[in-house]
Amino acid sequence: MTGAEHATGEQCARCDAVRDVDDPATALTWSREREPGDAGPGRSLCPSCVRAHTRDIEARLAPSWWAPPQR
Ligand SMILES: [Zn+2]
């Protein structure tokens, strides 16, 4: 890297928001995820992107996932 990385805090992988390490309540709502096979530190997502990302994941679930158990 070229040294452009932030020395403190993490950056959102989607919107480049910087995690405020001085605000534990907000910092705790950040999410870290790692792609399979990715040996790196993974990606961080800010709270708002976590919500959007979660919706993306849920939207991708097969309709059968939401269906009640078959009897
Ligand atoms: Zn974000």
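Just so you know, numbering that gives the first Met the number 0 puts 19 at position 20 of the sequence shown, and the rest follows in order with no gaps. Yeah, the Cβ is synthetic: ideal placement off N, Cα and C, and Gly gets one too. Here the structure is a predicted model, which means the values were calculated and not measured.
Note to self: On the DSSP letters alone, give me the boundaries of the alpha helix (DSSP H) that R50 sits inside.
What the structure shows: One-based indexing of the sequence shown puts residue 50 at position 51. Segment 46-59, the alpha helix (DSSP H) holding R50.
| query | When we look at the beta-carbon of W88 and count the other beta-carbons within 10 Å, is it buried (16 or more) or exposed? | reply | What is shown of the chain runs 0 to 70, which leaves residue 88 out entirely.
Review point. Taking Cβ positions, are E9 and S43 nearer each other than 8 Å?
Key: By one-based count along the sequence shown, residue 9 stands at place 10. By one-based count along the sequence shown, residue 43 stands at place 44. In this structure, S43 lies closer than 8 Å to E9 by Cβ.
Excluding five sequence neighbours on each side, which residues of the same chain lie with their C-beta closer than 8 Å to the C-beta of C48? The count along the sequence shown starts at 1 and reaches residue 48 at position 49. C11, A12, R13, C14, A16, listed in sequence order.
Report task. Can you say whether R70 is buried or exposed, counting buried as having 16 or more other CB atoms within 10 angstroms of its CB? Result -> Residue 70 sits at position 71 when you count from the first residue of the sequence shown. Exposed: under 16 other Cβ atoms inside 10 Å.
Checklist entry - What residues match up with S30 in a beta bridge as DSSP calls it? => result Residue numbering aside, residue 30 sits at position 31 when the sequence shown is read from its first letter. Answer is L44, bridged to S30.
*Express the C-alpha separation of D21 and E57 in angstroms, rounding to a whole number.*
Taking the sequence shown and counting its residues from 1, one reaches residue 57 at position 58. Taking the sequence shown and counting its residues from 1, one reaches residue 21 at position 22. Computed Cα separation, rounded: 31 Å.
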